[in-house]
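Worksheet: the structure to be examined is printed underneath.
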Amino acid sequence: MKKDLFSPYQLKGLQIRNRIVMAPMCQYSVTAKDGKPTEWHYVHYLSRAIGGTGLLLIEMTDVHPDGRITDHDLGIWSDEHIPAFARIIDGVHAHGAKIGIQIAHAGRKAEDAEVPVAPSAIPFPGDAYKMPRALTTDEVRETVKLFGDAARRAVQAGVDTIELHGAHGYLIHQFQSPLTNKRDDVYGHNLAQFGVEVIQAVKKEMPADMPLIFRISAVEYADGGYDIDHAIELAKAYQAAGVDAFHVSSGGEGPAGQRKPGNSPGYQVPFARQIREALQVPVIAVGMLAEPEQAQSVIVNEDADLVAIARGLLRDPYWATHAAVQLGHEHPYIPQQYLRGY
22 MKKDLFSPYQ LKGLQIRNRI VMAPMCQYSV TAKDGKPTEW HYVHYLSRAI
72 GGTGLLLIEM TDVHPDGRIT DHDLGIWSDE HIPAFARIID GVHAHGAKIG
122 IQIAHAGRKA EDAEVPVAPS AIPFPGDAYK MPRALTTDEV RETVKLFGDA
172 ARRAVQAGVD TIELHGAHGY LIHQFQSPLT NKRDDVYGHN LAQFGVEVIQ
222 AVKKEMPADM PLIFRISAVE YADGGYDIDH AIELAKAYQA AGVDAFHVSS
272 GGEGPAGQRK PGNSPGYQVP FARQIREALQ VPVIAVGMLA EPEQAQSVIV
322 NEDADLVAIA RGLLRDPYWA THAAVQLGHE HPYIPQQYLR GY
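Under this note's numbering, the first residue of the sequence shown carries the number 22, and numbering increases by one thereafter.
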């Protein structure tokens, strides 16, 4: 069967109608003060499902109130959050799409926490960020449990998959980076240890056929940051712990130094391909892939198995439908109610 942007994809027990993923994008919604999704989030996600997206990933949703980037982000630290997520998930399913959730902790990048926490007491550069407190070994283990509890709630809410956020300078990334992890316990001696334990805790809460996705920064751009070889070794440890697919991004650990991100369409695709080939594992490519022809080429050239669209889907909830029309697909995802518009 020919592989293209609109061919279906099977990841363990998850059957996706096409290769288009809505990347997690925080909404920073002021009405989400208590971490619960609101009517805004309900409309936001359902409109992308109606628009033909195959898999939606709910934005970074945090395991602790002080693990949010801002107090206007989503959380899943309480069972009280489950019903609001379930309503969104049920609605997305009703329109033929699948949906997952990205669970995370911002660590030293938690802007509104009174005292952020981190692997080591090293602040993120910039005036918006406070000096973090280094977690004790016992607190690290407690944080691992928070991720497991969050996964249990996500499964109860009805998600089809879970993504762990190990990229963009947030807590898991902070533990896996030699720039931000200066610990002298087991979590410092083995930079993959925290991520591995989080993966294991989350997998225990997931059905056996539900895939676990891990978002990873393939390279760091700050001077002295890790390169793709380090990311591949991390990914091998994470795959052995239970990760089924990698969502491959880059950077986020601090301002760029001598090495700069490409910031041109497809600049992160080679990283995805390298991880895919090194581990023989499914990957999601992401990063300025909003032109349908380019997204299509990523799949056809077998650089990645899925393509995540971020800003393109913020601009256009019907990105998938319009991409199908532009690419001349025989069965574009046009709701019957909208056919007259096409």
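Ideal placement from N, C-alpha and C gives every residue a C-beta, glycine not left out.
Just checking my contact of Ala175 with Ile97 at CB under 8 Å: how many whole Å lie between their CB atoms?
6 Å
According to DSSP, is Val328 helix, strand or coil?
strand
State whether the segment 107-118 contacts the segment 50-66, with contact taken as three or more CB pairs (one from each stretch) at a distance under 8 Å.
Segment contact: the segment 107-118 against the segment 50-66, three or more CB-CB distances shorter than 8 Å; contact assigned.
Gly287 by DSSP, collapsed to three states: which one?
coil
If you run the structure through DSSP and keep just helix, strand and coil, what is Lys203?
coil
Please confirm whether Arg40 and Leu300 have their CB atoms less than 9 Å apart.
no
If you run the structure through DSSP and keep just helix, strand and coil, what is Gln177?
If DSSP states are grouped into helix, strand and coil, Gln177 belongs with the helices.
Within 10 angstroms of the Cβ of Thr342, are there 16 or more other Cβ atoms? Answer buried if so, exposed if not.
The residue in question, Thr342, is buried, as its Cβ has 16 or more Cβ neighbours within 10 Å.
Any chance the segment 280-291 sits against the segment 143-155, with 3 or more Cβ pairs inside 8 Å?
no
Decide if Asp248 is buried, meaning its Cβ has at least 16 other Cβ atoms within 10 Å, or exposed.
exposed
I need the straight-line Cα distance from Arg294 to Arg129, nearest angstrom please.
30 Å
With which residues is His186 paired in a DSSP beta bridge?
Looking at the DSSP output, His186 shares a beta bridge with Arg236.
Taking the straight line between their C-alpha atoms, what separation do you get for Gly147 and Pro353?
45 Å
When the distance is taken between beta carbons, is Val269 closer than 9 Å to Ile296?
Yes; because the gap between Cβ atoms is below 9 Å, this pair is in contact.
Excluding sequence positions up to five away, which residues of its chain have a Cβ less than 6 Å from the Cβ of Gly72?
Take Gly72, set aside five residues on each side of it, and the residues of its chain with a beta-carbon closer than 6 Å to its own are Pro338, Tyr339, Ala341 and Thr342, in chain order.
On a CA-only basis, which of Gly190, Phe267 and Ala222 is nearest Glu241? Give me that one, please.
If we check each option's Cα against that of Glu241, Gly190 comes out closest.
Determine, for Arg38, whether the minimum Cβ-Cβ distance to residues of chain C falls below 9 Å.
Here chain C cannot be found, since the structure has a single protein chain.
Out of Val217, Ala155 and Tyr288, which has the shortest C-alpha to C-alpha gap to Ala262?
Val217
Sort Pro286, Arg38, Val304 and Pro291 by Cα distance to Leu310 and report the nearest one.
Pro286
What does Phe267 pair with, by DSSP beta-bridge criteria?
Phe235 and Val304
Checking 9 Å against the spacing of the C-beta atoms, do Val84 and Ala155 come in under that value?
no
Quick one: Cα of Glu132 to Cα of Lys23, how far?
Roughly 46 Å between the two C-alpha positions.
Could you tell me how far apart the beta carbons of Glu184 and Gly121 are, in whole angstroms, since I believe they sit closer than 8 Å?
6 Å
Count the other CB atoms within 10 Å of the CB of His210; is the residue buried (16 or more) or exposed (fewer)?
Exposed is the call here.
Would DSSP call Tyr150 helix, strand or coil?
Here Tyr150 sits in coil by DSSP.
In angstroms with no decimal places, state the Cα-to-Cα distance between Phe27 and His350.
8 Å
Kindly identify the DSSP beta-bridge partner or partners of Asp55.
Paired residue(s): none; Asp55 is not in a bridge.
Should Thr74 be labelled buried (16 or more other beta-carbon atoms within 10 Å of its own) or exposed?
buried
Tell me whether the beta-carbon of Val113 lies closer than 9 Å to the beta-carbon of Ile330.
no
Going by C-alpha to C-alpha distance, which of Leu78, Ile253, Tyr259 and His126 sits closest to Phe292?
In terms of Cα proximity to Phe292, the closest of Leu78, Ile253, Tyr259 and His126 is Ile253.
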